[in-house]
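Just so you know, the protein sequences line up as chains Y and A, in that order. If you count the first sequence from 1, position 118 lands on 117 in numbering that gives the first Met the number 0, and the numbers rise without skipping. If you count the second sequence from 1, position 75 lands on 74 in numbering that gives the first Met the number 0, and the numbers rise without skipping. C-beta atoms are modelled at their ideal positions from N, C-alpha and C, and glycine is treated no differently.
Protein chains: 2
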Amino acid sequence: MYELPQDITQEKPDVFRKKCPARYLLSRVSGKWSMLIVDALHNKNLRNGELMRIIEGISQKMLTQTLRELEEIQLVKRHDMQTVPPHVEYELTELGKSLREKICAMDRWIEENMLELIANNPSIQLKRNKT
Amino acid sequence: MYELPQDITQEKPDVFRKKCPARYLLSRVSGKWSMLIVDALHNKNLRNGELMRIIEGISQKMLTQTLRELEEIQLVKRHDMQTVPPHVEYELTELGKSLREKICAMDRWIEENMLELIANNPSIQLKRNKT
Chain Y
0 MYELPQDITQ
10 EKPDVFRKKC
20 PARYLLSRVS
30 GKWSMLIVDA
40 LHNKNLRNGE
50 LMRIIEGISQ
60 KMLTQTLREL
70 EEIQLVKRHD
80 MQTVPPHVEY
90 ELTELGKSLR
100 EKICAMDRWI
110 EENMLELIAN
120 NPSIQLKRNK
130 T
Chain A
0 MYELPQDITQ
10 EKPDVFRKKC
20 PARYLLSRVS
30 GKWSMLIVDA
40 LHNKNLRNGE
50 LMRIIEGISQ
60 KMLTQTLREL
70 EEIQLVKRHD
80 MQTVPPHVEY
90 ELTELGKSLR
100 EKICAMDRWI
110 EENMLELIAN
120 NPSIQLKRNK
130 T
């Protein structure tokens, strides 16, 4: 668990500082799984199985763990409909929606520049030449 | 090493697809260390020791490894001055500078919303109440 520095309100938030809460938050929201989950949740609540289908390759364990972490910093809200069989949906909070804009900008940049990044990558080129 | 799908030029880049190169690239550039290195490199070339000082808490091993990964997808350029003692500098490429805008937007969002995210975080609140 993250330990909050005592002088929290007196310092300028700074992701470069090891003990700044901003660094802790960066480590929570960065990483492909967090970014893909936040990116996937837009306009529509999604269920566990829907997220699994959209985010190809994520394991159930990683999905559950990352959703819990995003819930902890209240970027994602969990709705348990209290039904039998269970029906649980996930939704971005207002903060989550605001962050999603930044994450989407990065994801779409990667997609738009993919061919150029790959063209420049000697290790990927090597694989391509071999096929 | 990433294995390039054969139908690479025929499909729409998509970070949600497990075998899309965009997913591979996302996993390379997401993560706090990549993001902090790209964020730190702006306008000015930086040496290894300077990066270590700016990015508090990064280990030499992680810095070296992440710089090499960013070099591989040509977001970062390494300049070896071929001097004795050795003098090596790192610089963002044009693609790296373009990506940096997106990464900075995310880092600055986290800093700007830090207090709200912390206020909402019960696990951090708990720690604060205890001190």
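Contact criterion: CB-CB distance below 8 angstroms. Does residue i meet it with respect to chain A?
i	result
Y:D106	yes
Y:N44	no
Y:E110	yes
Y:P84	no
Y:K96	no
Y:I36	no
Y:K31	yes
Exposed or buried, what is residue i when buried is set at 16 or more other beta-carbons lying within 10 Å of its beta-carbon?
i	result
A:R52	exposed
Y:A39	buried
A:D106	buried
A:K17	exposed
Y:P85	exposed
A:E110	buried
According to DSSP, which residues form a beta bridge with residue i?
i	result
Y:R77	Y:Y89
A:R52	Answer by DSSP bridge pairing: none, since A:R52 is not bridged.
Y:L45	Y:Y89
Quick one: is residue i near chain Y, going by C-beta distance under 8 angstroms?
i	result
A:L66	no
A:R16	yes
A:G48	no
A:K134	There is simply no residue 134 of chain A to check, as chain A begins at 0 and stops at 130 in what is shown.
Look at the alpha carbon of residue i and the alpha carbon of residue j, and state the distance between them as a whole number of angstroms.
i	j	result
A:W32	Y:T82	42 angstroms
Y:N44	Y:V37	11 angstroms
Y:A104	A:K101	6 angstroms
Y:L50	A:H78	43 angstroms
Rounded to the nearest angstrom, how far is the Cβ of residue i from that of residue j, given a contact under 8 angstroms?
i	j	result
A:R27	A:I72	6 angstroms
A:L69	A:L94	With a Cβ gap of about 10 angstroms, A:L69 and A:L94 do not count as contacting.
A:V87	Y:L35	About 34 angstroms separates the two Cβ atoms, so there is no contact after all.
Y:A21	A:M113	5 angstroms
Y:L116	A:L66	Their Cβ separation, rounded to whole angstroms, is 17 angstroms, which puts Y:L116 and A:L66 out of contact at 8 angstroms.
Y:S29	A:S29	5 angstroms
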